[in-house]
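Visitor:
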Amino acid sequence: MIKTVEGDILNLNEGIFVHGCNCFGVMGGGIAKLVRNKWPEVYNAYKSRYAKMGLQLGDVVSVGHQKLHNNKAAARHLHALTATLPEQVIVVNAMTQFDFGSEEGRVYVDYDAVFASFARVKLLAKDSGLGVHFPLIGCGLAKGKWEEVEAQILAALGPDIEATLWVLPT
């Protein structure tokens, strides 16, 4: 089951913050742009991975606080460490859409990629002991349906991982 809280996910103090990205190293809109602006090193890790190896649907690029290097189980999942994130926060750039745009009627989120990304996040959650937090991934600019996204997240995380959906207050 997914718990829902109202608030700004960018103010998360503890947990794994998962947000959707495209496979082209661009964080130009939505939550991704907010992440890029607040934590440039999270964007830099994503951009670097894109430049070195490219990105595929379902990939994740995870960034945590430098103190997490002491947690060897969690650290093996991290692509970069930084001092600017809260100590108990890991930000996961999840490749949930291949590309981006604003084409009328086109859905950009890939539901199978949501599942694949969250299956990887489940391993990180188990190793770190942290809960998983996310906005309405793929349901804004990527034009997906929350019912579809939610089903993929639940199937990937299973019943043992704490999952929290963050929505902005109305």
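In our numbering, the protein residues as written are 1 to 170.
Even glycine gets a Cβ: it sits at the ideal position worked out from N, Cα and C.
Please read these numbers as outputs of a predicted model, since none were measured by experiment.
Applying the 10 Å Cβ sphere with the 16-neighbour rule, what's the burial state of HIS133?
Guide: HIS133 is buried by the Cβ-count criterion.
Visitor: What separation, rounded to the nearest whole angstrom, lies between the Cα atoms of PHE118 and ALA74?
Guide: In a straight line, the C-alpha of PHE118 is about 15 Å away from that of ALA74.
Visitor: Using beta-carbon positions only, say whether VAL89 and GLY15 come within less than 8 Å of one another.
Guide: Contact: yes.
Visitor: Take ILE2 as the anchor and find which of THR170, LEU168, PRO169, ALA155 has the nearest alpha-carbon.
Guide: Minimum Cα distance to ILE2 is reached at ALA155.
Visitor: Under a three-way DSSP split, which group does MET53 fall into?
Guide: DSSP places MET53 in helix when its eight states are reduced to three.
Visitor: How far does the beta strand (DSSP E) with PHE134 in it reach, from first residue to last?
Guide: 132–134 is the span of the beta strand (DSSP E), which, as asked, contains PHE134.
Visitor: Leaving out five residues before and five after ASP127 in sequence, what residues of the same chain have Cβ atoms less than 6 Å from its Cβ?
Guide: Around ASP127: ALA73, ALA74.
Visitor: Closer than 8 Å by C-beta to VAL5: which residues in its own chain qualify, once you throw out the five before and the five after it? Chain order, please.
Guide: Around VAL5: THR164, LEU165, TRP166, VAL167.
Visitor: Using C-beta distances below 8 Å, list every residue in its chain close to LEU136, excluding the 5 sequence neighbours before and after it, in chain order.
Guide: So the qualifying residues of the chain are TRP146, VAL149, LEU165, VAL167.
Visitor: Just the Cα atoms here: how many angstroms apart are ARG49 and VAL107?
Guide: Looking at the two C-alpha atoms, the distance is approximately 25 Å.
Visitor: My output table needs one value for VAL63: the three-state DSSP class, helix, strand or coil.
Guide: If DSSP states are grouped into helix, strand and coil, VAL63 belongs with the strands.
Visitor: Taking VAL91 as the reference, which of TYR43, PHE115, ILE161, LEU57 has the closest Cα?
Guide: Taking only the C-alpha atoms, the option nearest VAL91 is TYR43.
Visitor: Which residues mark the beginning and the end of the beta strand (DSSP E) in which LYS143 is found?
Guide: Run containing LYS143: none; DSSP gives neither H nor E here.
Visitor: Which same chain residues, not among the five before or five after ALA45, have their C-beta less than 6 Å away from its C-beta?
Guide: Excluding residues within five positions, the ones whose Cβ falls inside 6 Å are VAL61, VAL63, HIS79, ALA80.
Visitor: Compare the beta carbon distance of PHE98 and ASN22 with 8 Å and say whether it is the shorter of the two.
Guide: Cβ distance < 8 Å, so PHE98 and ASN22 count as in contact.
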